[in-house]
Amino acid sequence: MSAVTPTSDSDVGEFTPRPGRASLGRMARAQVWMELKLMLRNGEQLLLSLIVPIGLLVVCTKLTFIQVDGRRADFFVPGVLALAIMSAAFAGQAIATGFDRQYGVLKRLGATALPRTVLLLGKTGAVLVVELLQLVLLIGVGLLLGWRPDGDPISVLLLLAFGTAAFCGLAFLLAGALRAMTTLALANILWFVLLVFGGIMYPLSELGGAQGVIEVLPSAALSSGLREVLQDGHHVPFEHLTVLGLWAVVSMTAAAATFRWE
Amino acid sequence: MVGLRLTHARALEADADVAVTPAPVAARPAAEPALVIDGLVKRYGDRTAVDGVSLRVERARVLALLGPNGAGKTTTIETCIGFRRADRGTVRVLGLDPRADNDELRPRIGVMLQQGGVYQSARCGEMLRLVASYAADPMDPDALLERLGLATVQNTPYRRLSGGQQQRLSLAMALVGRPEMVFLDEPTTGLDPQARHETWRIVEALRRDGVSIVLTTHDMEEAERLADDVVIVDHGKVIATGTCDELIRGQAEREVRFQAVPGLDVAALQRDLGGEQLVHEPAPGTYLVVGPVTPQLVAGVAAWCAKHEVLLGGLQVKQRTLEDVFLELTGRELRA
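Respectively, the protein sequence lines represent chains V and D.
Number 112 in the working numbering belongs to position 112 of the first sequence; there are no gaps in the numbering.
Number 280 in the working numbering belongs to position 18 of the second sequence; there are no gaps in the numbering.
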């Protein structure tokens, strides 16, 4: 580890002010790339976002402890896609943002030329890239497991976009208001509760009376919507999109009102 | 106590390579002052962190905010960069309101906070390049890393850097966008002496190149060496302000100490010097002349010794330091 190099020749003019902000596009690209690298470097994030969804897809499709109608992969691929979105856009995003806040990153970068909107845009952009990776891997594994998708891709993209918005909003809501350790614990608990009770891994009808409540959870709206399109070939699932859209609007509004940068 | 230290430390500065040149290279025509704070008050609950601070920094000058922990230095800086809203008073940075014009201001300033502010798993070089990408015309990040001794750790994650390395990265992040003005909150706390000196050279080079600087410190030597102007704050109030020289010379009492054979006639010496000073021999062979010190006084002591065939063993003018000034003003040590 070298010490500071004593400078014998301090060039006149090396620090001459030439302030100015880079283009928004350049800042956004740099920010997305940085956040993406950090995400892919984080083992727990990868576990939650990639390994768990892929593992669950394989296990649930191959083993028959959960009873479903029709081809097993046709039921589980949409559910696991919803889970993957929830992992990346909600749990991963909330935990990373919470710690960035605790370590003063949000505050410090708020004193640079970077606008705060671009800072959050960078985080969201990185989530979208990870989601793309999840889609490619899960669709690939699904096809290997005998998945035969139906329906129109536009509806699927709409559902994924609305779901991402709803989960990102919830992530920012937690991360901007609570301490990082609380956010970590809560995000993991919610992730697990929604995985088990959120209508992701087994038909909602099995939950009996609780079905009505669970249907309005973002996890259920996303997985049910994806199933209706991909499994049953339905057209645009307006009801589920509305639920997700409401979650997005409410959570983002609340986050905007309560978010603390330090 | 320094041997024959008749001139101020800055004039005797050994680092001839970074001469303190008065005129900024990139002087801007008729620019408004870099910073004007007028009657700033900031409260947290019922605690008043800043209580009516006013100060002014001209372009390409270095102002040191000096004071013990909790004096209100950091709050003052955080108000200047728009993190805090002033409860009372006004702050103008480069002619802008730090909150209303925050978007316009941020690209023009560089900020070094006391700690944190970096993604824990970001690598050192990666982080600096990220911040460089926010600027239209940034400095070369590699050159900056090299200069700050971070080139060899540029692939090390931030959380594994030593405290001093984290500190230096923070300084680099403040400078890489070529700001017009920088705010450095305790830039050298926790640095080893080498890194501290390099940081000082950088501050001097910034000033030379026309950058305006506000730094906080509780290191007297740092303030004396770097600052054009010093503002001493305590309990949120400005208790003294001026150049280092003004602050140090403002107060009278100083002394000349010399060594010679024991048993000189101190009363005679005192008479010969004109009676304004007191002369005594606290230990055999060591003499103190206490009172206003002038060049004539030093010459007078030497002349009296020559007249009496006394060989001077050593003669020192003790100058007061900012440390002494601070102690007198607050009754407290700076690093309490």
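Where a beta carbon is used, it is the ideal one built from N, C-alpha and C, also for glycine.
Three or more Cβ pairs closer than 8 angstroms define a contact, and the segment 519-527 of chain D falls short of that threshold against the segment 359-367 of chain D.
Rounded to the nearest whole angstrom, the CA to CA distance from glutamate 294 (chain D) to serine 474 (chain D) is 12 angstroms. Taken in chain order, the complete beta strand (DSSP E) segments of 3 residues or longer contained in the segment 486-553 of chain D are 491-496, 499-504, 516-521, 540-545, 548-553. In the pairwise beta carbon analysis, the segment 391-404 of chain D is classified as touching the segment 21-29 of chain V: at least three pairs are separated by under 8 angstroms.
Against chain V, the beta carbon of glutamine 382 (chain D) has neighbours under 8 angstroms at Phe99, Tyr103, listed in chain order. Within chain D, the residues whose beta carbon sits less than 9 angstroms from that of asparagine 42 (chain V) are Ser383, listed in sequence order.
Interface flag for proline 441 (chain D) against chain V is set, since a Cβ pair is found closer than 9 angstroms.
Partner residues in the beta bridge of threonine 310 (chain D), as assigned by DSSP, are D:Arg305.
For proline 369 (chain D), the residues of chain V that pass the 7 angstroms Cβ criterion are Pro19, Gly20, Arg21, Ala113, in the order they occur in the chain. In the three-state reduction of the DSSP assignment, glutamine 211 (chain V) falls in the helix class, which pools H, G and I. Counting along the chain, isoleucine 475 (chain D) sits inside the beta strand (DSSP E) bounded by residues 474-479. Ser395, Tyr396, Ala397, Ala398, Asp399, Glu408, Arg409: these are the residues of the segment 394-409 of chain D whose beta carbon lies less than 7 angstroms from some beta carbon of chain V, given in chain order.
Histidine 235 (chain V) is classed as exposed because its beta carbon has fewer than 16 other beta carbons within 10 Å across all chains shown.
The DSSP-derived three-state label of proline 419 (chain D) is strand.
When secondary structure is reduced to three states using DSSP, glutamine 45 (chain V) falls in the helix class.
In the DSSP annotation of this structure, leucine 204 (chain V) is not part of any alpha helix (DSSP H), being labelled neither H nor E. Uninterrupted alpha helix (DSSP H) stretches at least 4 residues long and entirely within the segment 91-161 of chain V occur at 93-102, 105-109, 116-144, given in chain order. The segment 90-101 of chain V makes contact with the segment 165-172 of chain V, as at least three CB pairs between them are under 8 angstroms.
In the pairwise beta carbon analysis, the segment 339-349 of chain D is classified as not touching the segment 400-417 of chain D: fewer than three pairs are separated by under 8 angstroms. Proline 455 (chain D) counts as exposed, since fewer than 16 other beta carbons sit within 10 angstroms of its beta carbon. For arginine 26 (chain V), the C-beta contacts it makes with chain D under 7 angstroms involve Ser395, in order along the chain.
Remark: three or more beta-carbon pairs, one from each stretch, lie closer than 8 angstroms, so the segment 464-482 of chain D and the segment 438-446 of chain D are flagged as touching.
Neighbours of glycine 379 (chain D) across chain V, judged by C-beta separation under 7 angstroms: Gly104, Val105, Lys107, Arg108. Burial state of threonine 112 (chain V) is buried, judged by a 10 Å Cβ sphere holding 16 or more other Cβ atoms.
In the three-state DSSP reduction, glutamine 578 (chain D) falls in the strand class (E or B). In the same chain as valine 555 (chain D), and ignoring 5 residues on each side of it, the C-beta atoms closer than 8 angstroms to its own belong to Arg516, Glu517, Val518, Val579, in chain order. Burial is judged here by how many other beta carbons sit within 10 angstroms of a residue's own beta carbon; phenylalanine 65 (chain V) has fewer than 16 and is exposed. By the CB criterion at 9 angstroms, leucine 392 (chain D) and alanine 405 (chain D) fall outside the cutoff. Annotation for alanine 362 (chain D): no beta strand (DSSP E) segment contains it, and DSSP assigns it neither H nor E. Taking a C-beta distance under 9 angstroms as the contact criterion, glycine 332 (chain D) and aspartate 313 (chain D) do not qualify as a contact pair.
Counting along the chain, no beta strand (DSSP E) covers valine 193 (chain V); the unbroken alpha helix (DSSP H) around it starts and ends at 180-197. Beta bridge pairing from DSSP links threonine 336 (chain D) with no other residue.
The continuous stretches of alpha helix (DSSP H) do not include alanine 88 (chain V), and DSSP gives it neither H nor E. Your pair glycine 104 (chain V) and leucine 230 (chain V) does not check out as a contact, with CB atoms roughly 43 angstroms apart and the cut at 8 angstroms.
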